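Residue numbers (this note's numbering): 1 to 544.
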């Protein structure tokens, strides 16, 4: 090892030690809660993420979310190993009666008397250590995690580089990076766990099913879709509020924890308290949009989502869609926002009812919409079919031949459906489909590349029923118009739906080849008439 590498390694070890000390200090606050049921309000930075929060919020968030990634019993042993799988250090995380991790105890590796290959047989290791932990610490062992020192050093190095880079990655993108590294490390035996974790297993299986995408890239893409205005996200637990301010700079989120005054938190009426919190965030942190979500509803939905296998069944996907729409329907309980959307105000809704615009999120037919969409898909592609997605910013270039056309600008994803259920996702290398691969000998300005792309890929992957092209602009339009502006206090909220439908019909942003009957109807029908039809289909008419 060179002198530079040696210094670098020592610095990483020093930083890693600081993380452990900080983590131990953070956990010690739960010991006081075990005795007096009072948590110390100590501000501390979370390891690797550099997000500053207080011990009260951390422990309460942990108590709500840990079961998604750990066994119901959160007592766990962490083994830190070298590249050869030799255990270097071991730590035991002990919890109090409220399932808050209160202490991280270093273990004597020799005292554990484990075999050399113990980390590769975690079930046997778990059975051997359970009585030892019970006898010495009086706790039932719930989990074993194995993580390599090399992987920890990568986390430390990434976190350190992020602090000095400009612009730095957001906490959101960092979390995506760490998830990618954990998934990659599993195949190299650098990160192992027992028993199974529904959360980690879901993240791994979903990545494999959807074409081995990268979570870091996905998180960065989500950041680009957000509006430029600042907004707040507040997570409401049974006895706490966790508020964050998000603002986009250089196409990334800058995330700032928000402090809510005790005078507001002490308000006994929870409806009034929620309203005061969102008003305070808007005024004090100058946010344009303010959303509040019930933690219990989030956890319940994630439990259902994480237990979904890939590929799944039609009934399972319909159930997840129904539950999501049901949460959306429960405005004021599962979620809330401030200022109150005009679309939810009776004064603005009733004139729309008179014009057959029955748009009301509280009356959405959540049980019917997923099945309707699934049946529409089956009607268009049949019981068995493949759809090619072409994603990129210059969709209009696919509509006619050009000497400057470059297919490598686009991302190609092939979806295979069976009975309306997504069975397989295949990512296609667009670089392998160059202009030379396409027959342009009979080209004309009116001709499109889409028929040739369809024929070319059908020979290799089987018959492709349809090609759907859409740009990032259309996705941004959906997020902007249908999520933010539609749920704002702006007047004439219906126009935001019109804006999205206008973009959906624009060939610059979206094309379907060949044009099926549904798509032709969409293009030929005036937008206002479409809204009337869709609102009547998606709204529970029996409740009026």
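Glycine included, every Cβ here is placed at the ideal spot set by N, Cα and C.
Please read all numbers here as calculations on a predicted model, not as lab measurements.
DSSP, reduced to helix, strand and coil, places residue 230 outside both helices and strands of the structure shown, so it counts as coil. Rounded to the nearest angstrom, the gap between the Cα atoms of residue 284 and residue 255 is 16 Å.
Taken in chain order, the whole alpha helix (DSSP H) runs of length 4 or more contained in the segment 87-154 are 109-112, 122-137. Using a Cβ distance threshold of 8 Å, residue 343 and residue 359 count as a contacting pair. Put simply, the segment 360-374 touches the segment 318-338. At least three CB pairs are less than 8 Å apart. Residues of the same chain with a CB within less than 6 Å of the CB of residue 130, apart from the 5 flanking positions on each side, are 141 in chain order. Out of 68, 154, 91, 227, the CA that lies nearest to the CA of residue 476 is found in 227. Taking 8 Å as the cut-off, the Cβ atoms of residue 198 and residue 72 do not count as close. Around the beta carbon of residue 523, fewer than 16 other beta carbons lie within 10 angstroms, which makes this residue exposed. For residue 486, the number of other beta carbons within 10 angstroms of its own is at least 16, and it is reported as buried.
At a Cβ-Cβ threshold of 8 Å, residue 510 and residue 474 count as neighbours. Using a C-beta cut-off of 8 Å, the segment 173-192 makes contact with the segment 212-231, since at least three inter-stretch Cβ pairs fall below that distance. Close CB contacts of residue 296 within its chain, under the 8 Å cut and outside five residues either way in sequence, are with 64, 237, 238 (chain order).
A straight-line Cα-Cα distance of about 5 Å links residue 337 and residue 290. Taking a cut-off of 8 Å for Cβ pairs, the segment 389-402 and the segment 410-427 touch, as three or more such pairs fall below it. Counting C-beta atoms within 10 angstroms of its own C-beta, residue 385 has 16 or more neighbours from the protein chains shown and is therefore classed as buried. With a 10 Å radius around the Cβ and a threshold of 16 neighbouring Cβ atoms, residue 480 comes out buried. Here the alpha carbons of residue 225 and residue 311 stand approximately 27 Å from one another. Restricting attention to 245, 263, 302, 59, the CA atom closest to the CA of residue 96 is found in 59. Here the alpha carbons of residue 419 and residue 230 stand approximately 42 Å from one another.
For the alpha helix (DSSP H) assignment, the uninterrupted runs of no fewer than 4 residues enclosed by the segment 228-302 are, from N- to C-terminal side, 262-265, 270-285. Closest in C-alpha terms to residue 282, from the list 302, 133, 494, 246, comes 246. For residue 71, no alpha helix (DSSP H) segment is defined, and its DSSP state is neither H nor E. In this model, residue 206 and residue 425 are separated by some 11 Å (Cα to Cα). The C-beta separation of residue 78 from residue 66 comes to about 14 Å, leaving the pair out of contact by the 8 Å criterion. Counting the other CB atoms within 10 Å of its CB gives residue 387 a total of 16 or more, which places it among the buried residues. If you draw a straight line from the Cα of residue 49 to the Cα of residue 244, it is about 15 Å long.
Going by beta carbons, residue 194 and residue 305 fall outside the 8 Å limit. Excluding five sequence positions before and after residue 454, the CB atoms of its chain that fall closer than 6 Å to its own CB belong to 464, 467, given in chain order. Residue 81 sits buried, since 16 or more C-beta atoms from the chains shown fall within 10 Å of its C-beta.
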